[in-house]
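Report on one structure; see the data block that follows.
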Amino acid sequence: MRRSDPNRVTLAQLQRRSSRTSEDVDEGATPTLRDLAEALSFSPDDGRIWLGDQRMVLWRSSTFGSLRAELIARLGQEQARSLLTRVGYAAGARDAELVRRTWPDSDPVNAFHAGPQMHKLGGIVRPEAIAFEFDIARGSFHADFWWHDSSEDDEHIAAFGIGTEPACWMQTGYASGYASAFMGKFIVYREIECRATGAGACRLVGRPADEWEDPELDQHYFAPELSAAGIRRSLAEPAIAASARSRSLAPAARSEQQSALVGISSSFSAARHLIERVAPTPATVLFSGPSGAGKELFAQTLHAISPRAAAPFVAVNCAAIPDTLIEAELFGVERGAFTGASSSRAGRFERAQGGTLFLDEIASLSFFAQGKLLRALQERRIERVGGSREIAVDVRVVAATNVDLRTEVRAGRFREDLFFRLNVFPIALPPLKERRDDIPLLMEAFLRRYGEQYGRRVAGFTPRAVQALLQYDFPGNVRELQNLIERGVIMAGPDEPIDVVHLFRGGEMGAPHGLSPGPDGRLTEQVAGVASRAPRTQVGEPDAELYRDALVAARYNVSAAARALGLTRAQMSYRLGRLGLI
6 MRRSDPNRVT LAQLQRRSSR TSEDVDEGAT PTLRDLAEAL SFSPDDGRIW
56 LGDQRMVLWR SSTFGSLRAE LIARLGQEQA RSLLTRVGYA AGARDAELVR
106 RTWPDSDPVN AFHAGPQMHK LGGIVRPEAI AFEFDIARGS FHADFWWHDS
156 SEDDEHIAAF GIGTEPACWM QTGYASGYAS AFMGKFIVYR EIECRATGAG
206 ACRLVGRPAD EWEDPELDQH YFAPELSAAG IRRSLAEPAI AASARSRSLA
256 PAARSEQQSA LVGISSSFSA ARHLIERVAP TPATVLFSGP SGAGKELFAQ
306 TLHAISPRAA APFVAVNCAA IPDTLIEAEL FGVERGAFTG ASSSRAGRFE
356 RAQGGTLFLD EIASLSFFAQ GKLLRALQER RIERVGGSRE IAVDVRVVAA
406 TNVDLRTEVR AGRFREDLFF RLNVFPIALP PLKERRDDIP LLMEAFLRRY
456 GEQYGRRVAG FTPRAVQALL QYDFPGNVRE LQNLIERGVI MAGPDEPIDV
506 VHLFRGGEMG APHGLSPGPD GRLTEQVAGV ASRAPRTQVG EPDAELYRDA
556 LVAARYNVSA AARALGLTRA QMSYRLGRLG LI
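The sequence shown begins at 6 in this note's numbering and counts up one residue at a time.
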């Protein structure tokens, strides 16, 4: 086999990489075990662990064993094995996507090798390669591994003792999902030896599904059981009905409904559920939450999924309009009502007829304007300034505030009767630091948006940048994250990933509050997304001075510094990290 074929690798190549320590690996051999360890960060302040942009959970092996035993007892061994195999398959596919996204320049052998390394990093198993060969272009694949000290076997043996069938179900599914994601075809791993059957170690062999002589022995574990399919069908019926309702909306409203809101956190999902509940009604909605949390975007989505979607959505920032003009802006003005009123003009209530009127920063209204608004909400009728006739309005009012209106009422700055009129259906939006699970999704959404808007091709985010954004407190909430990503897209070079230096250029980074594994395996504090290890900056070394000077000369553009020294970007990035210069 010729090494010039970048998609074809052999055991010898794998062993050459596997035999190196994290200190030995250099030329573009990412992701090494050290790279993977540095992508793992602990945020004890808010109880989260991250691997890249994926949230992780640290739990006892015995807890997994109890869950596994309960599944076997409740579902039977075949269904429990099928369930755990599919869960492992999904985990493997997600990890493959994480590796490809985080280290896009990694060569195929190291990308594949990262899967077993991630299993080892997670304390699940210690893999050892026996044979490994693949060719993505031809679709050929063969892998043979020893898996030592399987935690899944430990728990199975503790619960059921030595038996006659292999027990590493989730790990087999993981290996299959990881390889399938890289190969673009269904790869099936089979456990041909297992400690749960009395063997000294577990042995897994992977091949394309169609190359096994009896593929049905394994493939049916990857397909949901009929009972699970029935459950999915029952759950799909409400989704089909909701889809039909969505199709009845205008095309623009459907597009906005599908793409505007991004998030999966529990607090985000709760807020999204509330607007879906209230959307079919004409009830007044009051959004509360800090500035930049997305109150107007939620209001727009509420309008888009409501029966009023075809009518106007009119937004008013109450804080931006002087007290002397707020009445004319809301209710309109008749010609000659005051000096300069040379023509009649409709106000925001009339312009939103049949639709939604969004009143942002409602607490900034004066007492006089609050009284006028209260009457309009009660009577559903308005009078223009200088007018003598009442105008009926059919408008849904949605208000928003970044202060506690109950506190404002107690302080005498907000009318209690208006508060109760607005507080028909309150929805609280949390700050971004309380919905960190949404940060990776928002990062990707903003990256796509500004990449397309500015015509820039950016290669994702570096692991340091991901960690820094996951640990940052975001006093400006989603708006600040959006601004940081926009800045990063502008600053990053072509095909260069966004790094910390591209994002935090205005003193935004606060005190460190994250932990990451150090070289000795202990958790150490991070600074700006980088683990703070001692010693980090070895400026006494000649190479450190050379690389630092090149980095400064290139204005901290790693790609440009690499070109100046005749290195690849991967080489430069690794050496800078090893010397503590990034």
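Yeah, the Cβ is synthetic: ideal placement off N, Cα and C, and Gly gets one too.
Where residue i falls, given that 16 or more other Cβ within 10 Å makes a residue buried
i      : result
Ile167 : exposed
Gln176 : buried
Arg420 : buried
Glu334 : buried
Gly460 : exposed
Gln383 : exposed
Ser311 : buried
His278 : exposed
Gly93  : buried
His118 : buried
Closest by C-alpha distance to residue i, when choosing among the options
i      : options                        : result
Glu75  : Asp140, Ala164, Trp55          : Ala164
Asn488 : Arg510, Pro499, Gly498, Glu501 : Arg510
Leu266 : Ala136, Pro121, Leu447, Gly571 : Leu447
Asp328 : Lys377, Asp51, Trp64, Ala397   : Lys377
Ala325 : Asp365, Phe292, Ala315         : Asp365
Val429 : Ser296, Pro287, Ala316, Asn562 : Pro287
Phe424 : Arg401, Pro113, Thr289, Ser393 : Thr289
Asp58  : Arg39, Val92, Glu102, Trp64    : Glu102
Ser111 : Leu41, Ala320, Gly182, Leu72   : Leu41
Thr467 : Pro502, Arg441, Arg484, Pro435 : Pro502
Gln82  : Asn115, Arg426, Thr169, Tyr94  : Thr169
Leu212 : Ile162, Arg385, Glu138         : Position check: residue 212 holds Arg in this sequence, whereas Leu was assumed. Arg212 has its Cα closest to that of Glu138, out of Ile162, Arg385, Glu138.
Ala351 : Ile387, Ala316, Cys323         : Ile387
Trp108 : Cys323, Val471, Tyr552, Pro480 : Val471
Glu222 : Ile197, Arg282, Ala374         : Going by the sequence as given, residue 222 is Leu instead of Glu. Nearest C-alpha to Leu222: Ile197.
Ala397 : Arg385, Thr202, Glu457, Gln224 : Arg385
His308 : Leu330, Ser348, Phe363         : Phe363
Ala148 : Ala304, Asp158, Val193         : Val193
Cys173 : Ala116, Arg86, Glu413          : Arg86
CB contact flag (residue i, residue j, <8 Å)
i      : j      : result
Ala276 : Ile432 : yes
Tyr209 : Leu126 : Checking the sequence, you will find Leu at residue 209 rather than Tyr. The answer is no: Cβ separation not under 8 Å.
Gly128 : Ala180 : no
Asp422 : Leu370 : no
Arg200 : Ser155 : yes
Asp442 : Ile280 : no
Gly297 : Arg484 : yes
Gly465 : Ser564 : no
Thr294 : Leu486 : The sequence given here places Gly at residue 294; Thr does not occur at that position. Their beta carbons are not under 8 Å apart, which means Gly294 does not touch Leu486 by this criterion.
Ala357 : Val390 : no
Ile135 : Trp151 : yes
Ala95  : Gly182 : yes
Arg91  : Gly178 : yes
Ser66  : Glu160 : yes
Ala116 : Phe187 : yes
Between the CA atoms of residue j and residue i - distance to the nearest angstrom
i      : j      : result
Ser272 : Gly299 : 13 Å
Pro256 : Gly359 : Residue confidence for Pro256 is low, a pLDDT of 45 falling below 50, so the modelled location carries little weight; the figure read from the coordinates is stated next. So the two alpha carbons sit approximately 18 Å from each other.
Ile367 : Gln476 : 32 Å
Ile495 : Val505 : 13 Å
Phe146 : Val130 : 22 Å
Thr292 : Ala404 : Before going on, a small fix: residue 292 reads as Phe here, not Thr. Answer to the nearest angstrom: the Cα atoms are 6 Å apart.
Asn562 : Ala184 : 34 Å
Arg568 : Phe451 : 29 Å
Met577 : Arg462 : 21 Å
Pro171 : Asp500 : 45 Å
Leu89  : Thr37  : 28 Å
Phe372 : Arg106 : 54 Å
Pro517 : Ser71  : Confidence at Pro517 is low in this model, with a pLDDT of 48, below 50, so its placement is unreliable and no value can be given for it.
Gly493 : Leu572 : 24 Å
Val557 : Arg426 : 59 Å
Thr361 : Pro132 : 60 Å
Arg282 : Lys438 : 26 Å
Phe318 : Pro285 : 16 Å
Glu332 : Asp478 : 39 Å
Glu43  : Thr406 : 40 Å
Those residues which DSSP pairs with residue i across a bridge
i      : result
Phe430 : Val290
Met61  : Ile54
Asn322 : Asp365
Arg401 : Thr361
Gly211 : Ala148, Tyr194
Asp110 : For Asp110, which the question treats as bridged, DSSP gives no partner whatsoever.
Ile396 : Ile387
Residue i Cβ short of 7 Å to the ligand COA heavy atom set
i     : result
Leu38 : Ligands are entirely absent from the displayed structure, and the ligand COA is therefore not among its contents.
Residue-chain proximity (residue i, chain D), Cβ-Cβ < 8 Å
i      : result
Gly268 : Of the protein chains in the structure, only one exists, and it is not chain D.
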